[in-house]
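Protein chains in written order, with the numbering used here: chain A, 18 to 319; chain B, 38 to 440. Even for Gly, the Cβ is constructed at its ideal location relative to N, Cα and C. These figures come from a predicted structure and were not determined experimentally.
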Amino acid sequence: MSKERIQISEDLYDIMPSDYQDLVKSATYGKEDRGWKDIGSSKELIEQHSLCAGCPESMAFRYILASLPNPEDTVMVGSTGCTSLVFPMVAVHNIHSLFGNQNAIASGLKRALSVRFPGRVKDVVVLAGDGATVDIGLDMTLQAWFRQEKFTTICFDNELYANTGGQESGLMQKGFVAKMAPVGKLFDKVRLPEIARESGCHYVVNCTVSKPSLVEKVIRNAVHVAREIGPTYLQLYTPCILEIGKNSMEGLQEMRDSEKPTERFAYKEYVSEPAKQLLAELAAKDKERKAAAKQLASQASA
Amino acid sequence: MATHPSVIGTQNKKGQTYTDPWKLMYEAQRTPSFFTGSEVIKEAVRRASCDVMIAYPITPQSEAAALIGELFAEGYIGDYFRGESEFAVMSQCAGAAFGGARVFTTTAGPGTMRAMENFPMWAGSRLPIQMIVTCRGINSPLSIQPDTLEIAYLLNTGMLVWHAETAQDFFDWILKGYMVSEEPDVHLPLALCCDGFFVTHTKDVVNLTPADMCLPPYDPYRSPVPCMDMECPPVRMMRDPFVMKSNYISYATHASWQQEIWAAIERSRKHSIHWLNGLIDTENVDAEVLIVASGTAVSQGREAIRLLEEEGVRCGLVKVKTLRPWPEDEIREATKNAKHIFVPEFNVTGWLAKEIRATVPNPHRVHAGPHVCGGMTMPPEIIVSEIKTTLGMKSFSLAGRGS
Numbered sequence: 018m019s020k021e022r023i024q025i026s027e028d029l030y031d032i033m034p035s036d037y038q039d040l041v042k043s044a045t046y047g048k049e050d051r052g053w054k055d056i057g058s059s060k061e062l063i064e065q066h067s068l069c070a071g072c073p074e075s076m077a078f079r080y081i082l083a084s085l086p087n088p089e090d091t092v093m094v095g096s097t098g099c100t101s102l103v104f105p106m107v108a109v110h111n112i113h114s115l116f117g118n119q120n121a122i123a124s125g126l127k128r129a130l131s132v133r134f135p136g137r138v139k140d141v142v143v144l145a146g147d148g149a150t151v152d153i154g155l156d157m158t159l160q161a162w163f164r165q166e167k168f169t170t171i172c173f174d175n176e177l178y179a180n181t182g183g184q185e186s187g188l189m190q191k192g193f194v195a196k197m198a199p200v201g202k203l204f205d206k207v208r209l210p211e212i213a214r215e216s217g218c219h220y221v222v223n224c225t226v227s228k229p230s231l232v233e234k235v236i237r238n239a240v241h242v243a244r245e246i247g248p249t250y251l252q253l254y255t256p257c258i259l260e261i262g263k264n265s266m267e268g269l270q271e272m273r274d275s276e277k278p279t280e281r282f283a284y285k286e287y288v289s290e291p292a293k294q295l296l297a298e299l300a301a302k303d304k305e306r307k308a309a310a311k312q313l314a315s316q317a318s319a
Numbered sequence: 038m039a040t041h042p043s044v045i046g047t048q049n050k051k052g053q054t055y056t057d058p059w060k061l062m063y064e065a066q067r068t069p070s071f072f073t074g075s076e077v078i079k080e081a082v083r084r085a086s087c088d089v090m091i092a093y094p095i096t097p098q099s100e101a102a103a104l105i106g107e108l109f110a111e112g113y114i115g116d117y118f119r120g121e122s123e124f125a126v127m128s129q130c131a132g133a134a135f136g137g138a139r140v141f142t143t144t145a146g147p148g149t150m151r152a153m154e155n156f157p158m159w160a161g162s163r164l165p166i167q168m169i170v171t172c173r174g175i176n177s178p179l180s181i182q183p184d185t186l187e188i189a190y191l192l193n194t195g196m197l198v199w200h201a202e203t204a205q206d207f208f209d210w211i212l213k214g215y216m217v218s219e220e221p222d223v224h225l226p227l228a229l230c231c232d233g234f235f236v237t238h239t240k241d242v243v244n245l246t247p248a249d250m251c252l253p254p255y256d257p258y259r260s261p262v263p264c265m266d267m268e269c270p271p272v273r274m275m276r277d278p279f280v281m282k283s284n285y286i287s288y289a290t291h292a293s294w295q296q297e298i299w300a301a302i303e304r305s306r307k308h309s310i311h312w313l314n315g316l317i318d319t320e321n322v323d324a325e326v327l328i329v330a331s332g333t334a335v336s337q338g339r340e341a342i343r344l345l346e347e348e349g350v351r352c353g354l355v356k357v358k359t360l361r362p363w364p365e366d367e368i369r370e371a372t373k374n375a376k377h378i379f380v381p382e383f384n385v386t387g388w389l390a391k392e393i394r395a396t397v398p399n400p401h402r403v404h405a406g407p408h409v410c411g412g413m414t415m416p417p418e419i420i421v422s423e424i425k426t427t428l429g430m431k432s433f434s435l436a437g438r439g440s
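Here you go:
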């Protein structure tokens, strides 16, 4: 989609919703250097949402949508859960169909877009919770990776079923007492990042969303690697403050506490050899582009 | 009816000419060919300009699904792969259809049941996917034999459901099916059912359209809902997601959406009548005794009618082609003279008889049977026997009854 596609007929401009007018005026579709720093100075691709006050998932959504390298040609796939409350307010095409089938939907979608738009970039990004990714949808999560489907899978790991009221999930920590784990969860947190690596993902990161610059970096990397090489996986800690007994303002600290070197969300990354090569090439190009821009700027001011 | 008219007459990369669908189906020269039902499915798909086909092995559709893979290898289909289960496959089909592709898949029996959660989602998302259902048993103990019980589960999914009698039906209806289900005022998935083995694994003479002519491609921008390809403006779809809201507006939204799906099935009626030459076929419906059937039970009924004629019993026939849309008026009209309506079926519950009982006045006229199930065949003699017994005529002894 080019930005021209979202223009409004002059005659109809005043009756369009103000958030759509804002999208036309100041969204960052097509901006080469888009990132989390655009937040505040441009129209975000996410409108008001109905998540709980202070929910880290809402931060994650904003950073991710600000960081997608190519939102004008990105289709997102969600699943049932808290994320499905947000997607209706997201200004990129997105699909919700069933609970847990997100990687199957994305497989069909990516292939259809490849058939219909040969030679054009159409990124597909899955964003689902840990119940959808690891429990009910694990089969389809893994099989998409085995098949080397070229899209990014993002798991919002809040370590439980938040939307249904805090039940045990596979990514919950061992021993945590929750609904459906009345004596504490009896088995370890499923090690999906390691499984992702073994299943053929080319770029895997396990981290929190406490730092927007880090989220921006891993999103860009994951989307570029998926576009050119093969499946990528991001597991992002977005704690459910409600269900772990925290207050609205404590989400950020919870993430900071959980990303300490000995904790379960200490930054972990796996990059395959072809992905390393690609990311190095992209970094070199980026550097070149920035140097050229700088030179142009200094010439202009001289 | 077709997509953008400028496509007609041009060629695809395989050298097939995009042909006006009506001309393709009704005017192009037909060549008689002796094929299995599975091979016929392949030949129809060859002419269907499919973008994506997703396969999974389950008897008795595995051969057809694999043959379509050969079409992909030859370049007739945009993409093709084997999914990991029917649930996943039907979701993959949905993803491809959301992305604007013409999608084809096949399944059977337990596969249909495993995938079931997808079907109301397909309909609700207005995805005109075509799914061949080669019916087989879904009971336990494990059975792979012919049995049409799974169709009963499809009837309330919001899909179009058609029931083919022969391989010729199959060939024509695969192509016509896309024309109906892709209409903007329909835009619903189609479950095109047949009786497994009887149709898939037997050879029959089928009149094929020319292999160098094909349907025009699917145009996803004629869809009543946006295609998810970021080629049209993304806007937030709603201020609040309706899933969590317990209020009247939320209920009304869901209710009206469901009503719209069923209204779309109703709107498919006119297109189905146009393409299938009516939702039912009839023979001698002025007779007092009628057989009303769908699928291969129609063929067996036709043979039973021949046997009855030899004994001086005049019996008419109603072939039900579409189950959704349900030919309510047509069946009422066709059965208005009948004193006895027999509904032979290849399943234990008699779902077709129940539908007909709910449709016709004086439903005591409807005799739900004979039924066979679990893979049993339905010799015309047992239909004859059922009819004669009901009419108070002396009937021959059926094997195994010990009389």
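Closer than 8 Å to chain A by CB, residue i
i, result
"CYS269(B)", "yes"
"VAL89(B)", "yes"
"SER287(B)", "no"
"ALA346(B)", "It should be noted that the sequence gives Glu, not Ala, for residue 346(B). No, GLU346(B) does not count as interfacial toward chain A."
"MET153(B)", "no"
"SER162(B)", "yes"
"GLU418(B)", "no"
"SER331(B)", "no"
Simplified DSSP assignment, three categories, for residue i
i, result
"LEU192(B)", "coil"
"VAL199(B)", "The sequence shown places Trp at residue 199(B), rather than the Val named in the question. DSSP places TRP199(B) in strand when its eight states are reduced to three."
"LEU259(A)", "coil"
"LEU186(B)", "helix"
"ARG259(B)", "helix"
"LYS139(A)", "coil"
"GLU305(A)", "helix"
"ARG361(B)", "strand"
"MET189(A)", "coil"
"LYS235(A)", "First, the amino acid is wrong: residue 235(A) is Val here, not Lys. VAL235(A): helix per DSSP, three-state reduction."
"HIS404(B)", "strand"
"ALA300(B)", "helix"
"MET127(B)", "helix"
"MET216(B)", "helix"
"GLY439(B)", "The predicted model places GLY439(B) with a pLDDT of 49, which falls under 50 and marks its position as unreliable; any figure quoted below should be read in that light. Coil, per DSSP."
"LYS285(A)", "strand"
"MET265(B)", "coil"
"GLN53(B)", "coil"
8 Å CB neighbourhood of residue i in its chain, flanking five on each side removed
i, result
"MET158(B)", "ALA131"
"GLY201(A)", "LYS191, GLY192, PHE193, VAL194"
Same chain, Cβ closer than 7 Å to residue i, neighbours up to 5 away in sequence not counted
i, result
"MET197(A)", "GLN184, GLU185"
"ARG361(B)", "LEU192, MET196, LEU197, VAL198, ILE302"
"SER432(B)", "SER422, LYS425, THR426"
"ARG79(A)", "ILE56, GLU61, ILE63"
Any C-beta of chain B under 8 Å from that of residue i
i, result
"ASN175(A)", "no"
"LYS20(A)", "no"
"THR100(A)", "no"
"SER216(A)", "no"
"ASP31(A)", "no"
"SER124(A)", "yes"
"MET266(A)", "no"
Residue range of the unbroken beta strand (DSSP E) whose run includes residue i
i, result
"ILE378(B)", "377-379"
"ALA30(A)", "Residue 30(A) is actually Tyr in this sequence, not Ala. Careful: TYR30(A) lies outside any beta strand (DSSP E) and carries neither H nor E."
"ASP116(B)", "116-119"
"CYS172(A)", "169-174"
"ALA330(B)", "326-330"
"MET157(A)", "Note, MET157(A): premise wrong, no beta strand (DSSP E); alpha helix (DSSP H) at 155-163."
DSSP bridge partner residues for residue i (one or two, in chain order)
i, result
"ILE56(A)", "SER59(A)"
"ILE317(B)", "VAL357(B)"
"GLN167(B)", "PHE141(B), LEU227(B)"
"PHE71(B)", "VAL242(B)"
Start-to-end residues for the alpha helix (DSSP H) that takes in residue i
i, result
"VAL82(B)", "74-83"
"ASN120(A)", "119-133"
"MET93(A)", "Here MET93(A) belongs to no alpha helix (DSSP H); instead the beta strand (DSSP E) covers 91-94."
Close beta carbons around residue i, own chain, < 6 Å, minus the five adjacent residues each side
i, result
"ALA228(B)", "MET168, VAL170, LEU191, MET196, VAL198"
Closer than 7 Å: residue i CB and nearest the ligand PLP heavy atom
i, result
"ASN180(A)", "Because no ligand of any kind appears in the structure shown, any question about the ligand PLP cannot be addressed here."
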